[in-house]
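Worksheet: the structure to be examined is printed underneath.
Residue numbers (the working numbering): 3 to 497.
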């Protein structure tokens, strides 16, 4: 917040508490208020002034400014929709209300009844007939209401950020609109929204390190889900042909402007289609969400993103050939791949096979270059344990990831439905865990049993909602689009 001497802050806090104590002693405890009837808000009054002029309204909000001028004063109150000026005259509200008002502080929550009018300076206002204190603020807002600039403090104290930087609210309003649009698109296609367990005995469906917890009654360790995939595919086995889930996932990984330990995704699965259909849905969702927040054109961090042309489609081998100058079609063995990695300073683990080294090349050389929307297809089998192999290229799979601005936004497969092949893939993943990869998938016997009952050919996709909101609201960090991002605790007492 603004740099204000600690002793000055402490004095202000002391004064606020003294005011509260005096009010309570006088039988005017603001915390005893249980409700206040309102019939208007700042936006309705300002936008509808021609119809509202002269009408008596009841509004409520936070006191954001005060100009005391003897027997008449001006203030601004802020509600969910914006700010509006109020005019308080002693000869209208009476001695008691006016004297009480003079002792209100910036940040206090007040209720106001009065008449809508326009001042001689043409500012739409409310001429107050009655004002009362609904809740007392015992903290000090940042000076001049734009003092909360430190991003760490903004994320830690989002409630203050929303008060003093009201433009931040637009990001979260748009986030809600984006999620609603995703639901609208899928609901209109006949998808069923479902809910699956957050607490799981086996964390599956992705390569990630889980959070561990303990169930006291069952006396077993459990995990916060890292994906919703396996449960949703069990529903496809059970006869639902189109399902999706929007929800939180939890991955015990590093934190950055792109990563938060808990994040929101949508996963959707549709029987009898392949990953090509998922490409079409991905494009439709991104364009629809942009329109839902009033954007026909997208600019992210100064770069215009073309979301209207068909997204580029490029295999991983071709992408590495284009951006790294290495052709994996002519590399035949794991040892050849490792020698090529050494030559190009690409790091790898000793257990890596050719496909994993191809993926490492992609990660180092290609991802950052994919600025315009691009579907990268044909991922190696080694890094795609839940995906069908391409019939004509069995070393690769029917999988894509969507990249925009150098970041991944969606991941989709033609889902593997062969239980024998799936078991072999899981066993390979388990072997990687034994070699030190603690993010590798685990064998899920119940999922394998479900596949043995028969799962139809299925297309599935996951989209990171946080990153999509970042893109569409031009937000640099994932913390800018999370109301309460995960933060490292600070040792010293903040008050």
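Even for Gly, the Cβ is constructed at its ideal location relative to N, Cα and C.
Contact set for residue i: own chain, Cβ-Cβ below 6 Å, skip 5 residues either direction
| i | result |
| --- | --- |
| residue 435 | 442 |
| residue 431 | 387, 442, 443 |
| residue 449 | 232 |
| residue 20 | none |
| residue 487 | 157, 262, 481 |
| residue 578 | In the structure as shown, the chain begins at 3 and stops at 497. Residue 578 is therefore absent and cannot be evaluated. |
| residue 348 | 362, 363, 366 |
As assigned by DSSP and simplified to three states, the class of residue i
| i | result |
| --- | --- |
| residue 474 | helix |
| residue 407 | coil |
| residue 387 | coil |
| residue 17 | helix |
| residue 489 | coil |
| residue 29 | coil |
| residue 500 | Coverage of the chain is limited to positions 3 through 497, which leaves residue 500 absent and any answer about it impossible. |
| residue 502 | The structure shown does not extend to residue 502, since the chain is modelled only from 3 to 497, so the question has no answer here. |
| residue 308 | coil |
| residue 44 | helix |
| residue 146 | Annotation note: pLDDT 47 at residue 146 (below 50); position unreliable, coordinate value reported separately. Looking at residue 146 - three-state DSSP - the assignment turns out to be helix. |
| residue 229 | coil |
| residue 96 | helix |
| residue 224 | strand |
| residue 324 | helix |
| residue 465 | strand |
| residue 167 | coil |
| residue 431 | helix |
| residue 161 | helix |
| residue 400 | coil |
| residue 153 | helix |
| residue 188 | helix |
| residue 382 | strand |
| residue 314 | strand |
| residue 239 | helix |
| residue 10 | helix |
Sub-7 Å separation of residue i and residue j beta-carbons
| i | j | result |
| --- | --- | --- |
| residue 87 | residue 125 | yes |
| residue 353 | residue 437 | yes |
| residue 96 | residue 79 | no |
| residue 412 | residue 465 | yes |
| residue 236 | residue 452 | yes |
| residue 291 | residue 180 | yes |
| residue 83 | residue 44 | yes |
| residue 205 | residue 228 | yes |
| residue 213 | residue 201 | no |
| residue 161 | residue 481 | no |
| residue 279 | residue 461 | yes |
| residue 114 | residue 94 | no |
| residue 110 | residue 139 | yes |
| residue 459 | residue 274 | yes |
| residue 238 | residue 457 | yes |
| residue 40 | residue 17 | no |
| residue 108 | residue 65 | yes |
First through last residue of the beta strand (DSSP E) which encompasses residue i
| i | result |
| --- | --- |
| residue 87 | 84-91 |
| residue 246 | 244-252 |
| residue 53 | Residue 53 -> not in any beta strand (DSSP E); alpha helix (DSSP H) instead, spanning 51-54. |
| residue 377 | 376-379 |
| residue 120 | 111-120 |
| residue 504 | No information on residue 504 is available, as it lies outside the stretch 3 to 497 that the chain covers here. |
| residue 330 | Note, residue 330: premise wrong, no beta strand (DSSP E); not H, not E. |
| residue 214 | 214-217 |
| residue 367 | Taken as a continuous stretch (DSSP letters only), residue 367 belongs to no beta strand (DSSP E), as it is neither H nor E. |
| residue 373 | Where residue 373 is concerned, there is no enclosing beta strand (DSSP E), given that its DSSP letter is neither H nor E. |
| residue 301 | 300-302 |
Residue span of the alpha helix (DSSP H) that contains residue i, given as start and end
| i | result |
| --- | --- |
| residue 352 | Neither: residue 352 is in no alpha helix (DSSP H) and is coded neither H nor E. |
| residue 342 | 336-345 |
| residue 449 | 447-455 |
| residue 131 | Element bounds for residue 131: not the alpha helix (DSSP H) but the beta strand (DSSP E), 126-137. |
| residue 277 | 277-294 |
C-beta neighbour in chain B for residue i, strict 7 Å
| i | result |
| --- | --- |
| residue 91 | This model lacks chain B altogether; it includes just one protein chain. |
Beta-carbon proximity list for residue i, same chain, < 8 Å, skipping 5 on both sides
| i | result |
| --- | --- |
| residue 295 | 176, 179, 180, 474, 475 |
| residue 316 | 324, 376, 377, 378, 379 |
Cβ neighbours of residue i in the same chain (closer than 7 Å, five flanking residues each side left out)
| i | result |
| --- | --- |
| residue 198 | 230, 233, 234, 247 |
| residue 297 | 474 |
| residue 370 | 408 |
| residue 421 | 450, 453, 454 |
| residue 190 | none |
Q: Pair every Cβ in the region 182-193 with every Cβ in the region 265-274, then say whether three or more of these pairs are closer than 8 Å.
A: yes
Q | At least three beta-carbon pairs within less than 8 Å, the region 417-434 to the region 378-392 | A | yes
Q: Would you check if there are 3 or more beta carbon pairs closer than 8 Å linking the region 359-367 to the region 232-250?
A: no
Q: Could you tell me whether the region 77-93 touches the region 118-137, using the rule of 3 or more Cβ pairs below 8 Å?
A: yes
Q.
If contact is defined by three or more beta carbon pairs under 8 Å, each pair taking one atom from either stretch, is the region 368-377 in contact with the region 386-406?
A. yes
Q: Pair every Cβ in the region 293-308 with every Cβ in the region 329-345, then say whether three or more of these pairs are closer than 8 Å.
A: no
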